[in-house]
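The numbering of the sequence shown is the working numbering, which starts it at 6 and goes up by one.
Here's the structure, in structure tokens; my notes come after.
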Amino acid sequence: MEKALETLSGERAPASSEWRTAIRNWGRLEGHYGYENPNGAAWFPSAGRPSIVGWWAQNAKTTSRVPQDKAFGDIVAFESQWWKWWSAINPTWRERGPEGRIVVGGEGEGNFAVLQKPGACGMLSVLICLIWWYERLEDGKECSSWEAAVEDVAWVIEQLEEEKRYDFLHFQRG
6 MEKALETLSG ERAPASSEWR TAIRNWGRLE GHYGYENPNG AAWFPSAGRP
56 SIVGWWAQNA KTTSRVPQDK AFGDIVAFES QWWKWWSAIN PTWRERGPEG
106 RIVVGGEGEG NFAVLQKPGA CGMLSVLICL IWWYERLEDG KECSSWEAAV
156 EDVAWVIEQL EEEKRYDFLH FQRG
């Protein structure tokens, strides 16, 4: 996890405060998980998952390795695929727009148990996709979709971390 944290917060990383907050909370979340890194069933469902996640898994989930453009594919197609996957792995109670995409800041209430997956198979796979997407954004080009993705992922990670912190504190008092 140290190498992952280094990649996600190092010189390749976005400078936005939203991103930094997401990474800080992700580090705390992984601490609540005890830094475990399971395989197999620990993955989010693969339905709709960007193919680059499969490439990453086949390449030992090395966060410092950057996929070549050929492996990554077209950025517009990736953006669409990423949002479909993000919507598919999120809880069903979260609000979605007419096209099925998660509504950032939308209505809904429930827990995030379906996203409680530690290690490389969990939120790290989402974050590594976001950093690869960021690296392919052209200077001066529209990046509002990426910013919305970061905003929503940061919020979800915050909710996950709060749930795990509550569970820990509740267990300690119990």
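By construction, the Cβ of each residue, glycine as well, lies at the ideal position given by its N, Cα and C atoms.
- Taking 4 residues as the shortest admissible run, the segment 107–169 contains the following complete alpha helix (DSSP H) segments, listed from N- to C-terminal end: 128–141.
- In the three-state scheme derived from DSSP, where H, G and I count as helix and E and B as strand, R17 is classed as coil.
- Buried is the label assigned to T12, since at least 16 other Cβ atoms lie within 10 Å of its Cβ.
- Taking 8 Å as the cut-off, the Cβ atoms of K169 and L34 count as close.
- The beta carbon of K122 sits closer than 6 Å to the beta carbons of A47 from its chain, once the five residues preceding and following it are set aside; these are given in chain order.
- In this structure S149 is exposed. Its beta-carbon is surrounded by fewer than 16 other beta-carbon atoms within 10 angstroms.
- If the five residues before and after E84 are omitted, its C-beta is found closer than 6 Å to the C-beta atoms of S150, all from its own chain and listed in chain order.
- Distance from the CA of L165 to the CA of G36, rounded to the nearest whole angstrom, comes to 12 Å.
- In the three-state reduction of the DSSP assignment, R101 falls in the strand class.
- When only Cα atoms are considered, G111 and V158 end up about 13 Å apart.
- Within the same chain, I28 come within 6 Å of S14 by CB-CB distance, once the 5 residues on both sides are set aside.
- Excluding the 5 residues flanking it on each side, G113 has same chain C-beta neighbours closer than 6 Å at W98, R99 and E100, in chain order.
- Here A76 has W60 as same chain residues with Cβ atoms under 6 Å from its own Cβ, once five neighbours each way along the sequence are excluded.
- Around R54, the same chain offers W90 as residues with beta carbons nearer than 7 Å, after the five sequence neighbours per side are excluded.
- With respect to the C-alpha of G78, the residue from A18, V109 and R141 having the closest C-alpha is R141.
- The continuous stretches of alpha helix (DSSP H) do not include Q73, and DSSP gives it neither H nor E.
- Residues of the same chain with a CB within less than 8 Å of the CB of I107, apart from the 5 flanking positions on each side, are W88, W91, S92, N95, R99, E100, R101 and D157 in chain order.
- Nearest C-alpha to I136 among V161, S51 and A20: A20.
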